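These notes concern the structure reproduced below.
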C-alpha cells in the first residue's frame with residue numbers, strides 16, 4: 067500500500083510507473099513466500115464501486131492457492 071494517498075488506478079500519473087511496478091514485484095515476492103507462485107496466482111486492482119472497490123486507497127490483491135476460472139466474476 068503506497069504511503070502517498072492514491073484513491074484508484076484512475077488517479078495514477080506517469081510519475082507513478084515505478085510505484086506500480088514495485089507493487090507487482092512485492093506481489094510476486096509475497097506469492098512465493100506463501101507457496102503459491104509455482105501453481106499460479108492472480109493480481110487484481112479493483113477500481114471504483116462497481117468493480118468491488120471498498121477501500122479507496124490504491125492496493126493490489128494477490129489471489130491464489132486454488133484453481134481459478136476465466137472470465138472472472
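In my numbering, the protein residues as written are 67 to 139. We put the beta carbon where it would ideally sit given N, CA and C, even for glycine. All values derive from a computational prediction rather than experimental measurement.
- What residue ranges within the stretch 90-139 form continuous beta strand (DSSP E) runs of no fewer than 3 residues, ordered along the chain? Counting whole runs of 3 or more residues, the stretch 90-139 contains the beta strand (DSSP E) stretches 107-110, 127-130.
- Between residue 114 and residue 95, what straight-line distance do the alpha-carbon atoms span, to the nearest angstrom? Roughly 26 Å separates the two Cα atoms.
- With DSSP run on the structure shown, which of helix, strand or coil describes residue 71? DSSP places residue 71 in coil when its eight states are reduced to three.
- Query: Who are the Cβ neighbours of residue 119 in its own chain at under 7 Å, not counting the five residues just before and after it?
  - Reply: Cβ within range, chain order: 74, 112, 113.
- Under 7 Å between the Cβ atoms of residue 121 and residue 109? No, the pair does not count as a contact, with Cβ atoms beyond the cut-off.
- Could you check what DSSP says for residue 78 in three-state terms: helix, strand or coil? Note: residue 78 maps to coil in three-state DSSP.
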